[in-house]
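The listed protein sequences derive, respectively, from chains A and B. Converting from the first sequence to this note's numbering requires adding 8 to each position, the first position being numbered 1. Converting from the second sequence to this note's numbering requires adding 171 to each position, the first position being numbered 1.
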Amino acid sequence: MNTSAPSMTASQDNGGQTRALLFALLPVAAVAILPLLPFVNDYIIAATVRALIFISLGQAWNVVAGIGGLLSLGHGVFLGLGCYTTGILFNHYGIPPWIGVWAGAGMAAIFALVMGSMTLRMRGVFFALATVAMSLAMVQLTRHFVDLTGGSDGLALKFNGNSWWAMQARTPMPFLYGGLVLVIVFYAITRWILGSKLGLEMQAVRDDETAAAAAGVSVFRTKLTGLMLSAVMTAVAGTLYMQFYMAIDPDAAFGLSQAIQLQLPALLGGLGTAWGPIVGGALMIFLSEVTNLGATKLEINGLDILVYGIMLLFVVLRAPKGIVGFFMDRRRGR
Amino acid sequence: MMQAASTMPAQAAAVALDVKNVARHFGGLVALRDVSFTVREGEVMGLIGPNGAGKSTLFEIISGNMPPTKGSVSYFGEDCTNAPAYMRRRSGMCRTFQKVRLFESMTVEQNIRVAASQCLPEGRNAHDEVASILSQFRLEAQAQRRPSELTLADRKRVEIGRAIAGHCRLLMLDESMSGLTHDEANHLITEILALNRTRGITVIVVEHVLSVLAAMVNRLVVLHNATVIADGTPTQVANDPVVIEAYLGTKQKALK
Numbered sequence: 009m010n011t012s013a014p015s016m017t018a019s020q021d022n023g024g025q026t027r028a029l030l031f032a033l034l035p036v037a038a039v040a041i042l043p044l045l046p047f048v049n050d051y052i053i054a055a056t057v058r059a060l061i062f063i064s065l066g067q068a069w070n071v072v073a074g075i076g077g078l079l080s081l082g083h084g085v086f087l088g089l090g091c092y093t094t095g096i097l098f099n100h101y102g103i104p105p106w107i108g109v110w111a112g113a114g115m116a117a118i119f120a121l122v123m124g125s126m127t128l129r130m131r132g133v134f135f136a137l138a139t140v141a142m143s144l145a146m147v148q149l150t151r152h153f154v155d156l157t158g159g160s161d162g163l164a165l166k167f168n169g170n171s172w173w174a175m176q177a178r179t180p181m182p183f184l185y186g187g188l189v190l191v192i193v194f195y196a197i198t199r200w201i202l203g204s205k206l207g208l209e210m211q212a213v214r215d216d217e218t219a220a221a222a223a224g225v226s227v228f229r230t231k232l233t234g235l236m237l238s239a240v241m242t243a244v245a246g247t248l249y250m251q252f253y254m255a256i257d258p259d260a261a262f263g264l265s266q267a268i269q270l271q272l273p274a275l276l277g278g279l280g281t282a283w284g285p286i287v288g289g290a291l292m293i294f295l296s297e298v299t300n301l302g303a304t305k306l307e308i309n310g311l312d313i314l315v316y317g318i319m320l321l322f323v324v325l326r327a328p329k330g331i332v333g334f335f336m337d338r339r340r341g342r
Numbered sequence: 172m173m174q175a176a177s178t179m180p181a182q183a184a185a186v187a188l189d190v191k192n193v194a195r196h197f198g199g200l201v202a203l204r205d206v207s208f209t210v211r212e213g214e215v216m217g218l219i220g221p222n223g224a225g226k227s228t229l230f231e232i233i234s235g236n237m238p239p240t241k242g243s244v245s246y247f248g249e250d251c252t253n254a255p256a257y258m259r260r261r262s263g264m265c266r267t268f269q270k271v272r273l274f275e276s277m278t279v280e281q282n283i284r285v286a287a288s289q290c291l292p293e294g295r296n297a298h299d300e301v302a303s304i305l306s307q308f309r310l311e312a313q314a315q316r317r318p319s320e321l322t323l324a325d326r327k328r329v330e331i332g333r334a335i336a337g338h339c340r341l342l343m344l345d346e347s348m349s350g351l352t353h354d355e356a357n358h359l360i361t362e363i364l365a366l367n368r369t370r371g372i373t374v375i376v377v378e379h380v381l382s383v384l385a386a387m388v389n390r391l392v393v394l395h396n397a398t399v400i401a402d403g404t405p406t407q408v409a410n411d412p413v414v415i416e417a418y419l420g421t422k423q424k425a426l427k
């Protein structure tokens, strides 16, 4: 049984489910006991947190692009909304990120609603281009409202030391568990979507819009729901991003390289699968750390980008369904 | 308007579809010009015409994928000219596509479930509906397969199953027999006629294989040069000098 396959809920047997659960618990346990291991230092924990953050961002993008088939190239907009909303509320009004996260999510939902209403009736590439235009507009907006956003210099959180209230810490360890919880919750949301009526509608729209309408699916409403859900998830992950990195600037939020980093986990791991962004995100950060190390030693700048590029080429050419999709197909015997 | 209405067997039945003075222009090109006909509930109607006659355009207008330049479409007495395609489907106006369009990443069962869960009236169970469709089209064994693993005949059956799942009063088939062997086509026709008989579904078939159509429909509408040139029983149409002149040419024997 393909228990890790998307939307195979109807055909799961109990043995398969148990195996799948064990398989899923293994990486969770590995991350959870990481700080207890003798050779693990803050550097490794921080790298793992980075991986968890990009996994969760990848999971969010996977909802709209992988399950829904909407190529949103400007998802940094929602990351930025999460980061900036949380940061501005905290720095200027003293509102803790525990509340800021929901404000950011709300902002992202509203923005997705407006942006989606304007662009989702466009087909394919035009929607993708419109999302890029939105990102560029957001860069200008953040630069314009310097007082609030810090302009091009970016926005740095006021540091409170170790503080639950401010969701801040001197060590990366609390973020390890925060990130782990977020990834698990997002994984559960992805599985729920894949098995739900909404998920079926989104996949139908992804496969064939005209046929979906002929099956009674409201294509526009389905796309809008998917985009809003993904936007909210991205903004929530954005808050974790902000609390961990303590700063955001227009490039880090809306820039091209960030947009690519949001897409890589799902693209590498497998679009539209629940495990894809997890496998892809872990691999992406692992490679980035290794190549960073290599780049410093060998003094080659931009080695990580080169490795990303080669990975992406490999996936596009040899495993277009990503790593998870590749193995699923092999298990299906094709 | 309807010269053939008096010859209809289902004369007393309700009007399922009323196409009135529909025209469609693409820039300077006239794809449809003043097309009118009605279909009564329970009828099996064939729509024929040579390539470029406007069949596909008419089909897209009726199913809601393209607005007409002029004219109106009513479905069971209600004007649906401006209703979106998915709303028409939910009210039971169902269609297939000339080239089978299934959700390729989903299983056969999921393909049917999407439609069933959208279009079922309140209080009915989508799971039961999917099971009933699968059994009606003898697709139980293929339920967990992906469309790419099926034969063309099975893909067409899945598409018809998806088209009628949930709620169907009018089924429009776009060249469903093309690409099938003689036996497969006959089989499919039997199944379509069974839907008409047992579920009372009104059927419109667009087809260019005339012998196939003549055997299954009780009425033919002939489209030629963007307009309706004949409307009647297959025999009437076959003997209509205008049709013979314009469309069938010397091949009118194809109908016999």
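No residue lacks a Cβ here, since even glycine has one placed at the ideal position from N, Cα and C.
Quick one: is residue i buried, meaning 16 or more other Cβ sit within 10 Å of its Cβ, or exposed?
{"i": "A:Q25", "result": "exposed"}
{"i": "B:C249", "result": "Per the sequence presented here, residue 249 of chain B reads as Glu, with Cys not at that position. Under this definition B:E249 is an exposed residue."}
{"i": "A:H100", "result": "exposed"}
{"i": "B:P238", "result": "exposed"}
{"i": "B:H338", "result": "buried"}
{"i": "A:D155", "result": "exposed"}
{"i": "B:P292", "result": "exposed"}
{"i": "A:P46", "result": "exposed"}
{"i": "B:D299", "result": "exposed"}
{"i": "B:G223", "result": "exposed"}
{"i": "A:F86", "result": "buried"}
{"i": "A:Q176", "result": "buried"}
{"i": "B:F197", "result": "exposed"}
{"i": "B:N296", "result": "exposed"}
Of the choices the options, whose alpha-carbon is the least far from that of residue i?
{"i": "A:V191", "options": "A:G95, A:Q271, A:V227, A:W283", "result": "A:W283"}
{"i": "B:G240", "options": "B:C290, B:S276, B:L200, B:E275", "result": "A small fix is needed here, since residue 240 of chain B is Thr in this sequence, not Gly. The option with the nearest alpha carbon to B:T240 is B:L200."}
{"i": "B:A417", "options": "B:T398, B:R316, B:G213, B:M258", "result": "B:T398"}
{"i": "A:Q266", "options": "A:F119, A:I293, A:G158, A:G84", "result": "A:G84"}
{"i": "A:F262", "options": "A:A303, A:S80, A:G280, A:G88", "result": "A:G88"}
{"i": "A:G207", "options": "A:V71, A:F31, A:I313, A:F335", "result": "A:V71"}
{"i": "A:P43", "options": "A:E297, A:P182, A:E307, A:L306", "result": "A:P182"}
{"i": "A:N300", "options": "A:D312, A:L291, A:M292", "result": "A:D312"}
{"i": "A:K329", "options": "A:L306, A:L272, A:I293, A:N309", "result": "A:L272"}
{"i": "A:L162", "options": "A:A260, A:A220, A:A221", "result": "Per the sequence shown, the amino acid found at residue 162 of chain A is Gly instead of Leu. Minimum Cα distance to A:G162 is reached at A:A260."}
{"i": "A:G224", "options": "B:N253, B:S243, B:V210, B:S288", "result": "B:S288"}
{"i": "A:P180", "options": "A:G277, A:A54, A:S125, A:M336", "result": "A:A54"}
{"i": "B:A302", "options": "B:L342, B:R333, B:R326", "result": "B:R333"}
{"i": "B:M258", "options": "A:I118, A:F86, A:Y185, A:A220", "result": "A:A220"}
Mapping DSSP to helix, strand and coil, what is residue i?
{"i": "B:D151", "result": "Because chain B spans 172 through 427 in this model, residue 151 of chain B falls outside it and cannot be assessed."}
{"i": "B:G199", "result": "coil"}
{"i": "B:T267", "result": "coil"}
{"i": "A:L165", "result": "coil"}
{"i": "A:F228", "result": "helix"}
{"i": "A:G310", "result": "coil"}
{"i": "B:M387", "result": "helix"}
{"i": "B:N192", "result": "strand"}
{"i": "A:Q176", "result": "strand"}
{"i": "A:D257", "result": "coil"}
{"i": "B:K327", "result": "helix"}
{"i": "A:F47", "result": "coil"}
{"i": "B:M277", "result": "coil"}
{"i": "B:T209", "result": "strand"}
Ignore the nearest five residues each way along the sequence and tell me which others in residue i's own chain have a CB closer than 8 Å to its CB.
{"i": "A:L128", "result": "L78, F135, F228, K231, L232, L235"}
{"i": "A:T94", "result": "P105, G108, V109, A111, G112, G246, T247, M250, Q251"}
{"i": "A:M241", "result": "S64, Q67, A68, V71, F194, I197"}
{"i": "A:L121", "result": "L232, M236"}
{"i": "B:L384", "result": "G217, I219, V376, E378, L391, P405"}
{"i": "B:R370", "result": "I335, C339"}
Excluding the five sequence neighbours on either side, which residues of its own chain have a C-beta within less than 6 Å of the C-beta of residue i, listed in chain order?
{"i": "A:H152", "result": "none"}
{"i": "A:S143", "result": "G82, G84, V85, F262"}
Report all residues from its chain with a CB closer than 7 Å to the CB of residue i; omit the five preceding and five following residues, and keep chain order.
{"i": "A:M319", "result": "L276, L295"}
{"i": "B:S243", "result": "K191, D250, T252"}
{"i": "A:A117", "result": "M236, A239, V240"}
{"i": "A:M292", "result": "F62, L272, P273, L276"}
Looking at residue i and the ligand PLP, is the gap between the Cβ and the nearest heavy atom below 6 Å?
{"i": "B:Q313", "result": "This structure does not include the ligand PLP; it has no bound ligands of any sort."}
- Counting Cβ pairs closer than 8 Å, one from the stretch 227–241 of chain B and one from the stretch 187–198 of chain B, do we hit at least three? With the cut-off at 8 Å, the stretch 227–241 of chain B and the stretch 187–198 of chain B touch.
- Task: Indicate whether the contact test is met: 3 or more Cβ pairs, each with one atom in the stretch 258–278 of chain B and one in the stretch 193–203 of chain A, closer than 8 Å.
- Result: In short, these stretches do not touch, since the Cβ pair count stays below three.
- Message: Assess contact between the stretch 58–67 of chain A and the stretch 179–198 of chain A, defined as three or more Cβ pairs (one per stretch) separated by less than 8 Å. Is contact present?
- Response: Yes, the stretch 58–67 of chain A is in contact with the stretch 179–198 of chain A.
- Message: Could you check whether the stretch 306–319 of chain B touches the stretch 275–294 of chain B, counting it as contact only if at least three pairs of C-beta atoms, one from each stretch, sit closer than 8 Å?
- Response: The stretch 306–319 of chain B and the stretch 275–294 of chain B touch, with no fewer than 3 CB-CB distances between them shorter than 8 Å.
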